[in-house]
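A.B. asks:
Number of protein chains: 2
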Amino acid sequence: MIKVGIVGYGNLGRGVALAVSQAKDMECVGIFTRRAPESVKPAINFPVYSIEKLIEFKGKVDVLLLCGGSATDLPNNTAGILKDFNTVDSFDTHAKIPEYFYKLDKVAKENGTLGAISIGWDPGVFSIARMLFGAVLPNGNDYTFWGKGVSQGHSDAIRRIAGVKNAIQYTIPKEQALSSVRNGENPNLKTRDKHLRECFVAVEDTADKAVIEKAIKEMPNYFADYDTIVNFVTEEEVKKMQQKLSHGGFVFRSGSTTEENAHLLELSLKLDSNPEFTGSVLTAYGRAVARLSKEGKTGCVTVFDIPLKYLSPESEEDLRAHLL
Amino acid sequence: MIKVGIVGYGNLGRGVALAVSQAKDMECVGIFTRRAPESVKPAINFPVYSIEKLIEFKGKVDVLLLCGGSATDLPNNTAGILKDFNTVDSFDTHAKIPEYFYKLDKVAKENGTLGAISIGWDPGVFSIARMLFGAVLPNGNDYTFWGKGVSQGHSDAIRRIAGVKNAIQYTIPKEQALSSVRNGENPNLKTRDKHLRECFVAVEDTADKAVIEKAIKEMPNYFADYDTIVNFVTEEEVKKMQQKLSHGGFVFRSGSTTEENAHLLELSLKLDSNPEFTGSVLTAYGRAVARLSKEGKTGCVTVFDIPLKYLSPESEEDLRAHLL
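Sequence order for the protein chains is S and Z.
Using our numbering, read the first sequence as starting at 292 and increasing by one per residue.
Using our numbering, read the second sequence as starting at 292 and increasing by one per residue.
Laid out in structure tokens, this is it:
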């Protein structure tokens, strides 16, 4: 049995706990939290410990699945944890991945541990598609679309506007852009052409809706470059929408091998629960990290470095016989 | 530069030659054929040699891309070639893959060579999707659909019927089955539910079309378990259809992480030219085999064993920065 620990218990930690409970080759030594352990009621009956107890589990856990956020948790904590444990994380700040990689690679190699970074669906499953598609169809264009799904960053940005009580923002791929790519037209798509941003906003009674709508639509980086729809709704409606964590998206490679012959490769995901699916991907890579570490591998790795067979609990013989 | 050789020059060999000519990190030492070399006019101006000259290239080529068929060429020849060369092949007789693997693995390990088998889109890219999807969504069902595209085996079977001059058979996924899977209904699909077989047949003037149609529709293994449409057309029409080598298909994983939350993962390929795309996949795996062999890897490998980064001519740094 592979012994895993879960670090952090928000939506993603819950998704990981569910996935680990369904993996027949894994057992969970504990959930480690910054909160008071007795205040955490996990979906699965795993023991809950204070994060301060984590070090006592050194040598007793094969891999830690890190469920903190990319803004502060992972950049601040992962290097320290890697000194004593193997890890898998979902670091998704694309621009900072190279820097994060080198920092963790150094720590892991010095300490004989292994850390898989940027695991999930994007980065993660989508990265695999982009890399594989580009390698087998080198003459072509990549297109990645996200949604329909909630962008936490954009929802937070709306909530920071004065007079806004709560808000949720959906990123929606534009049908026309999807169709054009699917028709092999190889369109040159600007930011505005690819995604629509739809916002549901609950405001104070005294707030000026026109001012808030303008503030959202003209917000640089977040909304100014997009077509944005703003709907004013009640706090209850926003709260209800926040219960639903569905997401998804598409990766396309549209290219050709000769002037006559074009090819279209497409990966799509439709996910009822973003954190549950992401947790499931983290868990599969936890299996891979535990195995690779036993084989002596150290350092920092991504989805590009790990042979896919390590993700599955099936034997290599079974994989060749049934899935090849 | 990676030095490759191309063994066999039919449709697949032509596709590989086109792909190798577009790879900036590869050069082709030659095309090796059983035919008279001067009778082969390759699409790319690579040297053409008799297959008997192949052994003279031992030590002068990093990997051979084998473009023979799975019925006789590959089972009869690959083990012998692997004694002296690294190889990539597209062996696609699913039921015989385990046996083929063990035979080649032994030869390759004894001779310090590396052979990648069953490379293409199915087996190959589709196998990657089945394996990855199943690992990240263990609770679910797999569905693979092929087409619309030509089945050579079924076309051959029709041509063996007395009175048939020429024939082509298209495998077509049934829309209703695709929709049901896409709707997350997790249908239990029988052979007849998944694919339709449409045949275009040119017959002798004296042939009894009713008898031939019956012979096709009732043919065990090939057509009896399917809904089959038989169209009688002229030889010219069949010949024209045989010029077009488009194909494609779909791999789905439909499953759930909890009772409430279902997920649908889909990979689809739409290919104008089956052999050109397959040749492009073989070429990317040729790059991987050449590199892995230089690192000392020997034996037989499949898409499950090879980290994806080996497929790309880009550096690991660039892959992490741009594709992750």
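By construction, the Cβ of each residue, glycine as well, lies at the ideal position given by its N, Cα and C atoms.
Quick one: is R582 of chain Z near chain S, going by C-beta distance under 7 Å?
C.D. replies: The residue labelled residue 582 of chain Z in the question sits at position 291 within the second sequence. No, its Cβ sits nowhere closer than 7 Å to a Cβ of chain S.
A.B. asks: So which residues of chain C does I293 of chain Z contact, with C-beta pairs closer than 9 Å?
C.D. replies: Absence of chain C from the displayed structure is noted, the protein chains being S and Z.
A.B. asks: Any beta carbon from chain S within less than 7 Å of F337 of chain Z's own beta carbon?
C.D. replies: The sequence position of residue 337 of chain Z within the second sequence is 46, counting from 1. It does not: the Cβ of F337 of chain Z has no partner Cβ on chain S nearer than 7 Å.
A.B. asks: Measure the Cβ-Cβ separation of V592 of chain Z and A407 of chain Z and say whether it is below 7 Å.
C.D. replies: As a working mapping, residue 592 of chain Z is identified with position 301 in the second sequence. As a working mapping, residue 407 of chain Z is identified with position 116 in the second sequence. A contact, by the Cβ cut-off of 7 Å.
A.B. asks: On a CA-only basis, which of Z:L558, Z:F436 and Z:T384 is nearest T363 of chain Z? Give me that one, please.
C.D. replies: As a working mapping, residue 363 of chain Z is identified with position 72 in the second sequence. The option with the nearest alpha carbon to T363 of chain Z is Z:T384.
A.B. asks: Between the alpha carbons of P333 of chain S and I342 of chain S, how many angstroms are there, rounded?
C.D. replies: Indexing the first sequence from 1 puts residue 333 of chain S at position 42. Indexing the first sequence from 1 puts residue 342 of chain S at position 51. Spanning the two alpha carbons is a distance of roughly 15 Å.
A.B. asks: From the beta carbon of P566 of chain S, is the nearest beta carbon of chain Z less than 7 Å away?
C.D. replies: Position 275 of the first sequence, counted from the start, is the residue given in the question as residue 566 of chain S. Cβ-Cβ to chain Z under 7 Å: no for P566 of chain S.
A.B. asks: Count the other C-beta atoms from every protein chain shown that fall within 10 angstroms of the C-beta of R544 of chain S, then say buried if there are 16 or more, exposed otherwise.
C.D. replies: Position 253 of the first sequence, counted from the start, is the residue given in the question as residue 544 of chain S. Burial call: buried.
A.B. asks: Spatial neighbours of I617 of chain Z within its chain, please: CB distance less than 6 Å, with the 5 preceding and 5 following residues excluded, ordered by chain position.
C.D. replies: Residue 617 of chain Z is absent from the structure shown; chain Z starts at 292 and stops at 615.
A.B. asks: Would you say K588 of chain Z lies against chain S (beta-carbon separation less than 7 Å)?
C.D. replies: Working through the second sequence from its first residue, we reach residue 588 of chain Z at position 297. No - not a single Cβ of chain S is within 7 Å of the one on K588 of chain Z.
A.B. asks: List, from N- to C-terminal side, the beta strand (DSSP E) runs of 3 residues or more that fit wholly inside the region 393-457 of chain S.
C.D. replies: Taking 3 residues as the minimum length, the beta strand (DSSP E) runs contained wholly in the region 393-457 of chain S are 405-407 and 431-437, in order along the chain.
A.B. asks: From the DSSP output, in three-state form, read off M510 of chain S for me.
C.D. replies: Counting from one through the first sequence, the residue named residue 510 of chain S turns up at place 219. Note: M510 of chain S maps to coil in three-state DSSP.
A.B. asks: Nearest-angstrom Cα distance between V492 of chain S and S381 of chain S?
C.D. replies: Translated into positions along the first sequence, residue 492 of chain S becomes position 201. Translated into positions along the first sequence, residue 381 of chain S becomes position 90. The straight-line gap from Cα to Cα measures roughly 29 Å.
A.B. asks: In chain order, what residues of the same chain have a beta carbon less than 8 Å from the beta carbon of Y601 of chain Z, not counting five sequence neighbours either side?
C.D. replies: If you number the second sequence from 1, residue 601 of chain Z lands on position 310. Answer for Y601 of chain Z: R578, A579, R582 and L583, listed in chain order.
A.B. asks: Taking the beta strand (DSSP E) that Y340 of chain Z falls in, what are its first and last residues?
C.D. replies: Here residue 340 of chain Z corresponds to residue number 49 of the second sequence, with the count starting at 1. Where Y340 of chain Z is concerned, the enclosing beta strand (DSSP E) stretches over V339 to S341.
A.B. asks: Under 8 Å by Cβ, that's how I've got D316 of chain S and P604 of chain S pegged, so tell me the actual separation to the nearest angstrom.
C.D. replies: To locate residue 316 of chain S, count along the first sequence from 1; it is residue 25. To locate residue 604 of chain S, count along the first sequence from 1; it is residue 313. Rounded, the Cβ-Cβ distance is 5 Å, consistent with contact.
A.B. asks: Mind pulling the chain S residues with CB within less than 9 Å of Q637 of chain Z?
C.D. replies: Since the first and last residues shown for chain Z are 292 and 615, residue 637 of chain Z lies out of range.
A.B. asks: Using the DSSP secondary-structure output, state which residues sit across from S547 of chain S in a beta bridge.
C.D. replies: Sequence index remark: in the first sequence, residue 547 of chain S carries index 256 (1-based). The partner list for S547 of chain S (beta bridge, DSSP) reads S:A553.
A.B. asks: Does any C-beta atom of chain Z lie closer than 7 Å to the C-beta of N552 of chain S?
C.D. replies: Walking along the first sequence from the start, residue 552 of chain S turns up at place 261. Yes, because at least one Cβ of chain Z sits closer than 7 Å to the Cβ of N552 of chain S.
A.B. asks: Can you tell me the Cβ-Cβ gap for Y517 of chain S and R483 of chain S, rounded? I've got them flagged as a contact below 8 Å.
C.D. replies: On the first sequence, position 226 is the one that residue 517 of chain S refers to. On the first sequence, position 192 is the one that residue 483 of chain S refers to. Right, their Cβ atoms sit about 6 Å apart.
A.B. asks: What is the DSSP secondary structure of R326 of chain S, counted as helix, strand or coil?
C.D. replies: The residue given as residue 326 of chain S occupies position 35 in the first sequence. Reduced to three states, the DSSP call for R326 of chain S is coil.
A.B. asks: Contact check, V295 of chain Z vs V331 of chain Z under 8 Å by CB: the rounded distance?
C.D. replies: Locating residue 295 of chain Z in the second sequence gives position 4, counting from the first residue. Locating residue 331 of chain Z in the second sequence gives position 40, counting from the first residue. Between the beta-carbon of V295 of chain Z and that of V331 of chain Z there is about 17 Å, and that puts the pair past the 8 Å contact cut.
A.B. asks: Since N302 of chain Z is in the alpha helix (DSSP H), which residue starts that stretch and which ends it?
C.D. replies: The sequence position of residue 302 of chain Z within the second sequence is 11, counting from 1. In the DSSP assignment, N302 of chain Z falls within the alpha helix (DSSP H) that extends over N302 to Q313.
A.B. asks: Since F523 of chain Z is in the beta strand (DSSP E), which residue starts that stretch and which ends it?
C.D. replies: Here residue 523 of chain Z refers to the residue found at position 232 when the second sequence is read from its first residue. It spans D518 to F523 - the beta strand (DSSP E) in which F523 of chain Z sits, taken as one unbroken run.
A.B. asks: Would you grab the beta carbon distance between F436 of chain Z and F541 of chain Z for me? Rounded to a whole angstrom, and I think it's under 8 Å.
C.D. replies: Taking the first residue of the second sequence as position 1, residue 436 of chain Z is located at position 145. Taking the first residue of the second sequence as position 1, residue 541 of chain Z is located at position 250. Yes, they are in contact, since the Cβ atoms of F436 of chain Z and F541 of chain Z sit about 4 Å apart, within 8 Å.
A.B. asks: Would you say S545 of chain S faces chain Z, with C-beta separation under 7 Å as the test?
C.D. replies: The count along the first sequence starts at 1 and reaches residue 545 of chain S at position 254. It does not: the Cβ of S545 of chain S has no partner Cβ on chain Z nearer than 7 Å.
A.B. asks: D413 of chain S CB to nearest chain Z CB: under 7 Å?
C.D. replies: Along the first sequence, read from residue 1 onward, the residue named residue 413 of chain S stands at position 122. Not an interface residue.
A.B. asks: Can you give the Cα-Cα distance for E347 of chain S and Y391 of chain S, rounded to whole angstroms?
C.D. replies: In the first sequence, the residue the question calls residue 347 of chain S occupies position 56. In the first sequence, the residue the question calls residue 391 of chain S occupies position 100. C-alpha separation (whole angstroms): 26 Å.
A.B. asks: To the nearest angstrom, how far is it from the Cα of D396 of chain S to the Cα of M532 of chain Z?
C.D. replies: Numbered from its first residue, the first sequence carries residue 396 of chain S at position 105. Numbered from its first residue, the second sequence carries residue 532 of chain Z at position 241. Cα-Cα distance, rounded: 55 Å.
A.B. asks: Of all Cβ atoms in chain S, is any one closer than 7 Å to the Cβ of I342 of chain Z?
C.D. replies: In the second sequence, the residue the question calls residue 342 of chain Z occupies position 51. Not an interface residue.
A.B. asks: Quick check for students: name the residue ranges of the beta strand (DSSP E) that lie wholly in the region 327-382 of chain S, counting only runs of 3 or more.
C.D. replies: 339-341 and 354-357
A.B. asks: For a quick check, are the C-beta atoms of G438 of chain S and C358 of chain S less than 7 Å apart?
C.D. replies: In the first sequence, counting from the first residue as 1, residue 438 of chain S sits at position 147. In the first sequence, counting from the first residue as 1, residue 358 of chain S sits at position 67. Result no, Cβ atoms of G438 of chain S and C358 of chain S do not sit closer than 7 Å.
A.B. asks: Looking at the secondary structure, which residues open and close the alpha helix (DSSP H) in which A579 of chain S lies?
C.D. replies: Here residue 579 of chain S refers to the residue found at position 288 of the first sequence. Note, A579 of chain S: alpha helix (DSSP H), N565 to K585.
A.B. asks: Apart from the five residues on each side of it in sequence, which residues of its chain come closer than 6 Å, Cβ to Cβ, to S571 of chain S?
C.D. replies: Taking the first residue of the first sequence as 1, we reach residue 571 of chain S at position 280. A310.
A.B. asks: Which residue from Z:S606, Z:E607 and Z:T548 puts its Cα closest to that of A314 of chain S?
C.D. replies: Here residue 314 of chain S is taken as the residue at index 23 of the first sequence, counted from 1. The alpha carbon of A314 of chain S has as its nearest neighbour, out of Z:S606, Z:E607 and Z:T548, the alpha carbon of Z:T548.
A.B. asks: Would you say H486 of chain S and P464 of chain S are within 7 Å of each other, going by their C-beta atoms?
C.D. replies: Along the first sequence, read from residue 1 onward, the residue named residue 486 of chain S stands at position 195. Along the first sequence, read from residue 1 onward, the residue named residue 464 of chain S stands at position 173. Their beta carbons are under 7 Å apart, which means H486 of chain S touches P464 of chain S by this criterion.
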